[in-house]
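Residue numbers (this note's numbering), protein chains in the order written: chain A, 1 to 425; chain B, 426 to 747.
Okay, structure coming up:
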């Protein structure tokens, strides 16, 4: 990663990486064991609709509990070997389903309905697509979505996945846009691409907008600000002002699904090695990360860090058995020698964070309140909820304070307090 | 999952630009070093003694406080050394040893540590030390008396005192180019204007001090003194004289820019710097002190928490006054 420059008159600029021309896609073979993740918590007393020993086919829709709307598309064919809980970030729990993989057999449920290219079909079969289609935003009647922003830019540094998709799968994106157009109420679709990558895309059915190449301009809120001139209010989601942000890969996957009459199961992502070198990889959703590391001879040692996503905003996982998920845009491996500890030094008020903050947050004051656990005051007076969690303040902090980490903790704590208050009201 | 290697997990981000406090402190001391060396050259061993005693005693006071409060030793960050150096730069060369030790005690203990250490001090610690000594033992800071036994090959009266007592006519005896090159009496670190300006420029380019504060300080000082001169040429000296004499350049680049006691937002930095420059000129031309830099900066430190509230609207916030 870039270090502080010798001449540092203004704040340091972090530029997004450009995809190298001729970057080849490495294809990982179908794994022997695959893991699928349900967002719903595992219920010990609940009765799952499938059990260990059941056979599933590629493209088959799996529903965990009868009363839940969530479904997962099996990306492999095989026998379910275990259904177990998985504990994630901030105490969230998931259900992981392990499958022993055998020869591919395609489930034909989607093929039967794929002639009807409508959002209903997308809703019923395509929510577990590579690129993670935020289908719930469309379904929620509370959100009056009228604008779709397709991000053809990668939000984190070192990641080039979306650029690859835009460069190589434009015809599928165009087809996907056509289907998104058919959603009632949608009157504006925008494709955001890098400012320097603009070559004539022709009539793609969406407005093409250029986005700055400086980090973090590809974050959802900033893309909306730059391409539509609209601002998402602090603490609100883009859906609240009628905008849905979709990854370019998800749109391309819709196009692929209706072109081939099968549900796509391969996720494309950027693999970032310990030395910072990048590889574009395509693997089945559900492939354990250990299989991918093995394919590239990357050894993960005790004390290293394994990150889903990029170096600035990714999330670390504690196990190599974690699978590739529909929203895995990058896998990054960090050597333990590179990992620097944070310090317990106080803020010295140098102002570097204020100058680099894309959301104009008075970070120097905010962090003082957060250290004192005064979360409500931090939110009321010092713009806690304006934070988009880009991590730049932590990146430049001369005291090496875990600023972004404090901010996340504060948001989590406040959410807990608000839920408890609402329950007791 | 038996026999598994443990991975490090923590929230994003996972990288850092490598900056740290000791680099910052070392560079500030490096930038101030030419001016200090010039002071040592001009005033000889007494000045060397004051600088050495000041820096070492500041570090020792900080360490003693660390021990007393049972907190981790913070002398490694270099901040105490910087404070010691700044205190030394503000002392005349003949300052007695007990005054130096008292000065650094006040600076480190009263000015910094009782507020919780680095980052917590509302005032510039070095200036707190100097101001208390100035009020308690005024004679120590009488430059002309302090340097009575020295002989220089240039006009040896302290320029600002000469101006105050003998009027503008006395300014003519000073050669501005000579003053810029360090041919003037004063405190140890304030005489060599060129070195201070280059040091300040270095710190600005490296991003260790905030240029907005230094430049608005100097701009306001020049403009105010120009207005005074235009108002009464026979009574007030010109802008360049005020720019190069006293602690002006030391204050603009090394004292007013102290991190914790100065604002961090753009407009507040401009107000803070300009306010300091204005106050310096008001004190020099109207007030009772010959050089107003120490008190002007302390006064503006006082306003820092208030003016630093002027800040741009954060993203996604609705202006409540609209």
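Built from N, CA and C at the ideal position, the CB exists for glycine as well.
Sequence-distant residues of its chain with Cβ nearer than 8 Å to residue i (five each side left out)
i: residue 343/A; result: 399, 400 and 401
i: residue 525/B; result: 475, 478, 479, 482, 512, 513 and 516
i: residue 747/B; result: Bear in mind that the predicted position of residue 747/B carries a pLDDT of just 41, short of 50, making it unreliable; the figure below should be weighed with that in mind. For residue 747/B, where only same-chain residues beyond five positions count, there are no Cβ hits under 8 Å.
Proximal residues of chain A, C-beta to C-beta of residue i below 8 Å
i: residue 741/B; result: 221, 231, 232, 233, 234, 235, 236, 359, 385 and 386
i: residue 631/B; result: 6, 7 and 8
i: residue 542/B; result: 346
i: residue 738/B; result: 360
i: residue 635/B; result: 351
i: residue 446/B; result: 345, 348, 398 and 399
i: residue 496/B; result: Near residue 496/B there are no residues of chain A at all, since even the closest Cβ is about 10 Å away, more than 8 Å.
Residue from the options with nearest C-alpha to residue i
i: residue 249/A; options: 392/A, 128/A and 217/A; result: 128/A
i: residue 668/B; options: 572/B, 691/B, 656/B and 644/B; result: 644/B
i: residue 117/A; options: 223/A, 85/A, 233/A and 182/A; result: 182/A
i: residue 405/A; options: 382/A, 370/A, 417/A and 424/A; result: 370/A
i: residue 420/B; options: 731/B, 699/B and 679/B; result: With chain B represented from 426 up to 747, any question about residue 420/B goes unanswered, as that position is not in the structure.
i: residue 46/A; options: 26/A, 95/A and 327/A; result: 95/A
i: residue 91/A; options: 412/A, 420/A and 418/A; result: 412/A
i: residue 439/B; options: 2/A, 19/A and 7/A; result: 2/A
i: residue 281/A; options: 7/A, 26/A, 8/A and 22/A; result: 26/A
i: residue 505/B; options: 603/B, 532/B and 494/B; result: 532/B
i: residue 444/B; options: 631/B, 702/B and 725/B; result: 631/B
i: residue 67/A; options: 88/A, 40/A, 80/A and 140/A; result: 40/A
i: residue 243/A; options: 366/A, 18/A and 150/A; result: 150/A
i: residue 188/A; options: 216/A, 88/A, 311/A and 205/A; result: 205/A
i: residue 190/A; options: 279/A, 174/A and 184/A; result: 174/A
DSSP-derived helix/strand/coil call for residue i
i: residue 746/B; result: Residue placement at residue 746/B is poorly supported in this model, since its pLDDT is 48, which falls under 50; the coordinates are not used for a value here.
i: residue 266/A; result: strand
i: residue 729/B; result: helix
i: residue 261/A; result: coil
i: residue 37/A; result: strand
i: residue 694/B; result: helix
i: residue 322/A; result: coil
i: residue 355/A; result: helix
i: residue 281/A; result: strand
i: residue 561/B; result: helix
i: residue 214/A; result: strand
i: residue 87/A; result: strand
i: residue 161/A; result: helix
i: residue 670/B; result: coil
i: residue 740/B; result: coil
i: residue 426/B; result: Note that residue 426/B scores a pLDDT of 49, beneath 50, so its modelled location is shaky and nothing firm can be said.
i: residue 397/A; result: coil
i: residue 94/A; result: strand
i: residue 233/A; result: coil
Chain B contact residues for residue i, given Cβ-Cβ distances below 9 Å
i: residue 302/A; result: 430, 431 and 432
i: residue 311/A; result: 437, 438, 439 and 440
i: residue 151/A; result: Chain B residues near residue 151/A: none, gap ~18 Å exceeds 9 Å.
Close-in-space but distant-in-sequence residues of the same chain around residue i (CB under 7 Å, 5 per side omitted)
i: residue 219/A; result: 155, 388 and 390
i: residue 363/A; result: 353, 354, 357, 393 and 403
i: residue 348/A; result: 398 and 399
i: residue 377/A; result: 369
i: residue 107/A; result: 57, 58, 59 and 60
CB contact below 8 Å: residue i versus chain C
i: residue 589/B; result: The chain labelled as chain C is not found among the protein chains of the depicted structure, namely A and B.
Contacting residues, own chain, Cβ-Cβ under 6 Å from residue i (five flanking each side not counted)
i: residue 705/B; result: 646, 717, 718 and 721
i: residue 356/A; result: 11, 392 and 396
i: residue 78/A; result: 99, 100, 101 and 102
Where residue i meets chain A, residues with beta-carbon distance less than 7 Å
i: residue 689/B; result: 349, 351, 354 and 364
i: residue 545/B; result: 346
i: residue 684/B; result: 348, 349 and 350
Supposed contact pair residue j and residue i - C-beta distance, whole angstroms, cut 8 Å
i: residue 37/A; j: residue 323/A; result: 7 Å
i: residue 316/A; j: residue 434/B; result: 4 Å
i: residue 519/B; j: residue 471/B; result: 5 Å
i: residue 285/A; j: residue 267/A; result: 5 Å
i: residue 161/A; j: residue 270/A; result: 5 Å
i: residue 19/A; j: residue 201/A; result: At roughly 16 Å, the Cβ-Cβ gap does not stay under 8 Å, so residue 19/A and residue 201/A are not in contact.
i: residue 607/B; j: residue 234/A; result: Between residue 234/A and residue 607/B the Cβ distance is about 53 Å, and since that is not below 8 Å, they are no contact.
Interface residues of chain B facing residue i [CB-CB closer than 7 Å]
i: residue 3/A; result: 442 and 443
Contact test: residue i Cβ vs the ligand NAP heavy atom, cutoff 7 Å
i: residue 552/B; result: Absent from the structure shown: the ligand NAP. Ligands present: none.
Under 8 Å from the C-beta of residue i: neighbouring residues of chain B
i: residue 268/A; result: Ordered by position in chain B, no residue passes the 8 Å Cβ test against residue 268/A, which lies about 22 Å from the chain.
i: residue 315/A; result: 436 and 437
Contact set between residue i and chain A, taken where Cβ atoms lie within less than 9 Å
i: residue 449/B; result: 348, 350 and 398
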